[in-house]
Every structure is written in C-alpha cells, then in structure tokens.
Amino acid sequence: MAKRTFKNYLFILPALLLFAVFSIYPFIKIFQLSVYRWDGIMPTMKFVGIFNFKDIIFHNPIWWRSMWQAAYITLIALTLQNALALVLALICDRGIKFGNGYRVIFFIPPVLSGIVVGLIWNWIYNGNYGLLNHWLAQLSKWTHISYFSNLERAWLADPRTALTSVAIINMWKGFGWGFLVLLAGLQSIPRQLYEAAKVDGANAWQSFWRITVPLMIPTFGIVSIMTILGAMQIYDIIVSTTGGGPAYHTEVPITRILAAMRGNLQFGYACAMGLVFGAILLSVSLIIIKLSRKLNPLAG
Amino acid sequence: MSKRIISLLKHSFMILISAACIFPLLWMISSSLKTQSTIFSDMSLFVLRPSWQNYITAWVKGNFGIYFLNSVFYTVTIVGGIVLVSSLAAYAFARLEFPFKNFLFLLLLAPMMIPIPGGFVALYVLLNKMHLINTRIGYILPQINAGLAMSIFLLKSFFEKIPRDLEDSARIDGCSRLGIYWHLCLPLAKPALAIVVIYNTLYVWNEYLLAMLILSDKSLMPLTRGLMIFRGEHVTQYPILMAGMCIATIPIIFLYLLMQKHIIKGVMAGAVKG
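Each protein sequence line maps, in turn, to chains D and B.
Under my numbering, the first residue of the first sequence is numbered 1, with each subsequent residue one higher.
Under my numbering, the first residue of the second sequence is numbered 301, with each subsequent residue one higher.
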C-alpha cells in the first residue's frame, strides 16, 4: 500500500517541485525582503522592520499617484469598456446574422501582445505624423470647423491627454474579452424564462431588469474582478507607449515597483510595494465576491 | 419596417466596432510595406508598390529572425512542459488516492486566487541565486510553473468526466496507471488539452516582463523584448519596426483564427464554471 501511495505521488511530483521552487519560495521571500533594506547585489542586508511599509504608505506621494492613475484606467475599463461589452453581448445573444464572425473579430485585440498594441497606438497618437491628428485635420477640412484641428496634439506626450489615451488603448485591447465572458453568461440563462415573462405581458425592458440583470450578477462579479486585476496591473501598454511619462502622468504601480527595484536598487522596498499593492487588490476582490453573493438572488 | 431599421442599426454598430478592431492591424501591415520616405506622407491603406525588402531587413539586420526562432522555441518548450506536468498532476488529482490530496490541490490552485504583483522581484532574486539570469532555462521554468494552476484545474475536471468503466476495463487488460494516463486519458482529453495549449501559447508568445527582467543577450530574447530593443536603438526606422511587429503578430493571429473555436469555448467554459 505504501508503495502504491508513493507511486501515486510521483504523478504530482514534477508539479510540486516547480511550484515549491518558483511559487512558494518567492512568495515567502517577498515577505522576508520587505522588512530589509537591500540593494539586490551585496550580501549585507539591513533589517528595518516596518520602515519600508511606513514610508510607502505615508511618505511616497508618487506611489499613491501611480495607484490613482491605475484606478482611473481601471474605472474606464469597468464602466465604458464593460458597458460596450455588455451592449455587444446583448446584441449577439438575441441572435444576429454573422454573430460568430463578429465574435471572432472582437476577440482579436485580446490575443495580441500589449507591446505590439502599444507600439501601434503609439503611432496612431503621434503628434507629427499620427493617424489621429491626420483624421482630425481632414475632418476639420471637410466640416470647416476648426475645433477638430485645434484638438491636434501629441496625445501621449501631452500631460492633459496622456492618461486617458492610455486608458483608451487598454479599453480597445480588453473589451472583446469582457464581451465573450458576458455573452457566455447571457447564453446560460434559460430561454423559457423570457418566454414565460412575455406570456405574462412583460416588455423587453422589464424582462432585462427582472430576468437578465439578476441572473447575470455572478458573471458581472467575475468580469469586475478580472477587469480590476488586469487593469490595475497594467504594464506592457505603458512601457511600449509612455514609459510612465510625461513627468509621472502615466506611472502605474508595476512601473513604480520596477523603478524601485532596477532604478534605485531598493529590492526590499520594491517587495513591500508589491505587498501593499497585493493586499489592496485582494481586499477589493473579496469585497466584490461578498457583494455579488449578497446581490445574487439564487445564492442562500 | 421598424424591425428592419433596428437590424440595420445593429449591424452598422457591430461593423463599426469590428472596423475599429481590425483597422489598426491593417494599418500596421500596410505601413510595414511602405518605405522610409513614403510612410509619413502616404496615409492610404493600400500600398501600390509594396516594399518587401523591409521584411528582409527586419529579419536579418533587425535581428527579428533570431527573436522569432527564440519565441517559437520558448513557446514550444514551455507549453510542452505545461501540458506534460499539468496533465500528470491533474490525472492524479482526478483518479488516484494519496494523503493530503485536497490540500495539495488547493495549494497548487492558490495562485489563481491570490494576486502577487511584486512576485517578479523575488523571482529575480531567486533566479540570480540559482545563476539562471540571462539563460534560457531561467526563462522557461518559471513560466511552466506559471501555467500550471489553470491547466491542472481545467484538465482535472475533464479527467473526472471520463467514465470509470473505461479505465477499469483497461486495467483488467493489464494496463498500468501510467499506461492508462498515457494511452487512454490523454487522448480522450484532447478538447481540454487544446484549450490548455492555445491559452498558454498566447500567454507565452506575448510575455514581456520576465523577458525584460532576466534576458540581456539579444541571442536569447523573444519577439516582444526584441521589438522594444529595436525601438530603443532605431527610433525612426518605422517601416522596419512595423515589419518586426507583423512578424510578431501575424503567426499568433493565424493560430487564433485556426483555433478560435477552442479559445471561445475556453473563455465561455471558464466563465460559466467560475
């Protein structure tokens, strides 16, 4: 029997080994390093207790600024992007010709790398020969309204538009994913419910609010969590467009952690940043899970 | 009448959004065929005299040939590793008995639930200690590990659906545990394996952060990292950069179109279950 058990363990051994080395060890290491001051190279580490955390929370305005900027990108993803995704999913769910074709096309941006997406948009937004400015110029030529050509600018270099421009790239890349998940949720709603509501004299608006929305609460919960985790940890799009600039206007938490690690060689500080950020993300996710359980009419 | 108008409005909206999805890509492709002198003046999508030379320049002088082969190599080895390691473990969790089974299962799935945004700092320290910085193996192993949680989760629930009678009859025929896993369960799990392969392929092909942190030799870099290096060194050579971007993008779009049914099924299955 013992031999059998041992043999069975062999099946999970490779997974466990990899997991122990590349997940558990780093996980413990973050906590350990976060209470030290260490440049990542020298063998000497100085124990500083909770100093790193105190400094991050109370004396690091750029860190909090990066957090709010990521929150702004996330807010746009949660509202505009998911609203668009929901509208598209509703149209597809009601049955539309070429529905499958649209579905395939909407999911193209999500399969691209953030680096390529950033580099393409970098050029669309370019101040000198970007496509957006080109179109604005054409538009103002046709309509004789100078407002459009006055909008022309280096979108990613202008502090007033940089963050929103990045948020729009993120939205372009992300809505197709939300669309697909929401569509899956919509399609799992039994059709008979809608038919029964129709028989009882409910109009489309009523059956949307009374059937679709309540039954979609769990899906909304998942989409919200995934959107928040994805957008808050945005990095590839930032690094391939603005790199955090102009003057910190598009800095996000991941770029700050990297800057602490590579720029300032403060490995302990960078780990503490990661923990603060992780704790925030975890609590937001837990709140949403709680909320969606409470709102879900089918759960307890 | 109103039904027709509504349908027309719906389709116009859908087409508009579709165009917004595809246009930047078409523009990237057409820009990759323009020359340094026409690229800033000619804004049209159709290129009359395509300059295929850009691709040769990108492939040879821009190093994209090496980056491309590296990306292929990393994707094949990492995804192959994930499939092998995760299917073995998933089979054990679905079918075999051993102490602490549930605990170990939840432990392996924990990364799906707990976000560790600073994990790469500690991972860098670890790889440095193991002398794996700037090595292929140092880039491959952490990514095999990163793909395990979701793949084990997916495959386990699939293995559980395979009828036990099938396995019992195989065992009576003298098949070992390993034999049942390899000859019976793995071939039956093809639909689930397809999802595992395509998801992890997309992820690995597009990975950037780890490549940026640990790879500093150009001969080791994948495409995403190579693109950023090229942009840093040759800011103004837009047609070549665009050709490099096409080299990085077209294979993955091709694969996506080929496998789109599995991808869409995967997203939907994951969403409904979660």
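C-beta atoms are modelled at their ideal positions from N, C-alpha and C, and glycine is treated no differently.
What you are looking at is a predicted structure, and each value in this text was computed from that prediction instead of being measured.
> Using a Cβ cut-off of 7 Å, which residues of the region 240–272 of chain D contact any Cβ in chain B, in chain order?
Replying inline: Within the region 240–272 of chain D, the qualifying residues are S240, P253, I254, I257, M261, F267, A270, C271.
> Using the rule of at least 16 other Cβ atoms within 10 Å of the residue's Cβ for burial, across every protein chain shown, is K334/B buried or exposed?
Replying inline: The residue is buried, with at least 16 neighbouring Cβ atoms inside 10 Å.
> Whose Cβ in chain D lies nearer than 8 Å to the Cβ of S386/B?
Replying inline: Ordered by position in chain D, the residues that pass the 8 Å Cβ test against S386/B are A15.
> Is there at least one Cβ from chain B nearer than 8 Å to G300/D's Cβ?
Replying inline: At G300/D, the pLDDT of 48 sits below 50, so the modelled position is not reliable and the matter cannot be decided from this model.
> Is any beta-carbon of chain B found at less than 8 Å from that of R103/D?
Replying inline: At least one chain B Cβ lies under 8 Å of R103/D.
>> What residue range does the alpha helix (DSSP H) around R436/B cover?
In response: Where R436/B is concerned, the enclosing alpha helix (DSSP H) starts and stops at 436–459.
> Secondary structure at F58/D, three-state DSSP: helix, strand or coil?
Replying inline: F58/D: helix per DSSP, three-state reduction.
> What three-state label does DSSP hand R286/B in the structure shown?
Replying inline: The structure shown does not extend to residue 286/B, since chain B is modelled only from 301 through 574, so no value can be given for it.
>> Measuring only the C-alpha atoms, how far is S386/B from P61/D?
In response: If you take the alpha carbons of S386/B and P61/D, they lie about 43 Å apart.
>> Along the chain, where does the alpha helix (DSSP H) containing V117/D start, and where does it finish?
In response: Following the DSSP letters along the chain, one finds V117/D inside the alpha helix (DSSP H) bounded by residues 114–124.
> If you check the beta carbons only, do L139/D and I217/D fall under 8 Å apart?
Replying inline: No. Outside cutoff.
>> Could you check whether the region 550–557 of chain B touches the region 118–133 of chain D, counting it as contact only if at least three pairs of C-beta atoms, one from each stretch, sit closer than 8 Å?
In response: Output reads no: the region 118–133 of chain D does not touch the region 550–557 of chain B.
>> So for K46/D, helix, strand or coil by DSSP?
In response: DSSP places K46/D in the strand class (E or B) of the three-state scheme.
> Relative to the alpha-carbon of I306/B, which residue among I115/D, F58/D, N203/D, I96/D has its alpha-carbon at the smallest distance?
Replying inline: Of the candidates I115/D, F58/D, N203/D, I96/D, the residue whose Cα lies closest to the Cα of I306/B is I96/D.
>> When you compare the CB positions of R359/D and I495/B, do they come within less than 8 Å of one another, or not?
In response: Nothing can be reported for residue 359/D: it is not among the residues displayed for chain D, which extend from 1 to 300.
>> Taking the straight line between their C-alpha atoms, what separation do you get for T44/D and W38/D?
In response: Cα to Cα, the separation comes out at about 7 Å.
> F421/B CB to nearest chain D CB: under 8 Å?
Replying inline: Correcting the residue type first, residue 421/B is Val in the shown sequence and not Phe. Closer than 8 Å: yes.
> Got a sec, what are the start and stop residues for the alpha helix (DSSP H) Y503/B sits in?
Replying inline: Bounds of the alpha helix (DSSP H) holding Y503/B are 490–506.
>> For I378/B, which residues in the same chain have their Cβ closer than 8 Å to its Cβ, ignoring the five residues on either side in sequence?
In response: Cβ within range, chain order: I440, Q443, I444, G447, N500, V504.
> List, in order along the chain, the chain B residues whose C-beta lies closer than 8 Å to that of F106/D?
Replying inline: Under the 8 Å cutoff, chain B gives I317, S318, C321.
>> Helix, strand or coil, according to DSSP, for R293/D in the structure here?
In response: Correct three-state label for R293/D: helix.
> Using a C-beta to C-beta distance shorter than 8 Å, which residues of chain B count as neighbours of K29/D?
Replying inline: Within 8 Å Cβ-Cβ: A422, V425, L426.
> In its own chain, which residues sit with a C-beta less than 6 Å from the C-beta of A157/D, not counting the 5 before and 5 after it?
Replying inline: Here the set comprises P246.
> Using a Cβ cut-off of 7 Å, which residues of the region 203–229 of chain D contact any Cβ in chain B, in chain order?
Replying inline: Answer in chain order: T219, I222, L229.
>> In this structure, how does DSSP classify R4/D when only helix, strand and coil are distinguished?
In response: For R4/D, the three-state secondary structure derived from DSSP is helix.
>> My parser needs the alpha helix (DSSP H) runs of 4 or more residues fully inside the region 199–282 of chain D; what are they?
In response: Within the region 199–282 of chain D, the complete alpha helix (DSSP H) runs of at least 4 residues are 204–207, 213–232, 236–241, 253–258.
> In terms of residues, what are the limits of the alpha helix (DSSP H) holding V379/B?
Replying inline: Where V379/B is concerned, the enclosing alpha helix (DSSP H) stretches over 364–395.
>> At the level of alpha carbons, what is the spacing between G574/B and I222/D?
In response: The predicted model places G574/B with a pLDDT of 40, which falls under 50 and marks its position as unreliable, so this point remains unresolved.
>> Comparing C-alpha positions only, which one of S224/D, G263/D, A70/D, E152/D sits nearest to K290/D?
In response: K290/D has its Cα closest to that of S224/D, out of S224/D, G263/D, A70/D, E152/D.
>> I want to know whether the region 230–250 of chain D touches the region 56–70 of chain D - three or more CB-CB distances under 8 Å.
In response: Yes, the region 230–250 of chain D is in contact with the region 56–70 of chain D.
> Who are the Cβ neighbours of A154/D in its own chain at under 6 Å, not counting the five residues just before and after it?
Replying inline: Same-chain partners within the cutoff: G127.
>> Comparing C-alpha positions only, which one of A89/D, G278/D, Y25/D, F277/D sits nearest to G178/D?
In response: Looking at the Cα atoms, A89/D is the closest of the given residues.
> Taking just the CA atoms, how far does F346/B sit from V35/D?
Replying inline: The straight-line gap from Cα to Cα measures roughly 58 Å.
>> For chain B, check one thing: does any of its Cβ atoms lie closer than 8 Å to the Cβ of P190/D?
In response: Judged by the 8 Å Cβ criterion, P190/D is not in contact with chain B.
>> Only counting the same chain, and skipping five residues up and downstream in sequence, which positions put a Cβ closer than 6 Å to that of I189/D?
In response: Leaving aside the five residues that flank I189/D on each side, the residues in its chain whose CB is nearer than 6 Å to its CB run, in chain order, L215.
> Within 10 angstroms of its Cβ, does E507/B collect 16 or more other Cβ (buried), or is it exposed?
Replying inline: By the 16-neighbour rule on beta-carbons within 10 angstroms, E507/B is buried.
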